[in-house]
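Chains as they are written, first to last, in the working numbering: chain A, 1 to 114; chain B, 1001 to 1110.
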């Protein structure tokens, strides 16, 4: 296993368009997390899954954001009707209870909304 | 303290110096405290996960301590090397919410 992967690495979109990002976690990890990072800030928690169940969503996650993990493996994060304020780095991480839920991060998807 | 705070925001040290940073967090709803190192153009790398008050963890020249009652953790780097240059982030884990600090940017000057 080569670690957590994310696709695409960069996305440029026009305001109002929908975008979808994919995260493939480390295969034996049961938890998967999404974060957003803007310049000069630490990553902000968006949501996380335990297997296929979405257990928690941040209040930051507006109705335009939706995440799924249909088979408890990969996850998608969709943003509908993008706004310029959505421009950020979107990070995915995965963890296993066997490793004290130490989170392993992917390289991130850089979103630019023009 | 309403947020997870880290200090200092940035730090420049000479190669060979020892250094330390602080992570302060609300002591309520505590499950674990994580430390990460984030180098430019790479993914954040996990350093430590600590759960118990008084925990101390060590990995090579880097060590960390945890005080859950007063809500702080220290990260120490002994004999800093240029490859230690990175942003160091702490993460407060409540079990179902996760709060990062804004990070300490460390530059080690050869």
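Using N, Cα and C, we set each Cβ at its ideal position, and we do this for glycine too.
Cα-Cα separation between residue i and residue j, rounded to whole angstroms
i              : j              : result
residue 1106/B : residue 41/A   : 16 Å
residue 1029/B : residue 1080/B : 34 Å
residue 1011/B : residue 79/A   : 37 Å
residue 1001/B : residue 1023/B : Residue confidence for residue 1001/B is low, a pLDDT of 44 falling below 50, so the modelled location carries little weight; the figure read from the coordinates is stated next. Distance between the alpha carbons of residue 1001/B and residue 1023/B: 11 Å.
residue 103/A  : residue 1097/B : 13 Å
residue 1091/B : residue 81/A   : 31 Å
residue 1074/B : residue 1102/B : 15 Å
residue 64/A   : residue 14/A   : 15 Å
residue 31/A   : residue 1018/B : 36 Å
residue 1083/B : residue 39/A   : 23 Å
residue 1056/B : residue 1049/B : 10 Å
CB contact flag (residue i, residue j, <8 Å)
i              : j              : result
residue 43/A   : residue 109/A  : no
residue 1009/B : residue 1109/B : no
residue 74/A   : residue 4/A    : no
residue 1099/B : residue 45/A   : yes
residue 1076/B : residue 1085/B : no
residue 96/A   : residue 10/A   : no
residue 48/A   : residue 91/A   : no
residue 20/A   : residue 76/A   : yes
residue 1031/B : residue 1071/B : no
residue 1025/B : residue 1007/B : no
Burial state of residue i, where buried means 16 or more other Cβ atoms lie within 10 Å
i              : result
residue 1060/B : exposed
residue 12/A   : exposed
residue 88/A   : buried
residue 85/A   : exposed
residue 1068/B : buried
residue 1052/B : exposed
residue 24/A   : buried
residue 27/A   : exposed
Supposed contact pair residue j and residue i - C-beta distance, whole angstroms, cut 8 Å
i            : j            : result
residue 72/A : residue 99/A : No, residue 72/A and residue 99/A are not in contact; Cβ-Cβ is about 18 Å, not under 8 Å.
Proximity test, residue i beta-carbon vs the ligand ADP heavy atom, cut-off 7 Å
i            : result
residue 34/A : What this structure holds is no ligand at all, so the ligand ADP is not there to describe.
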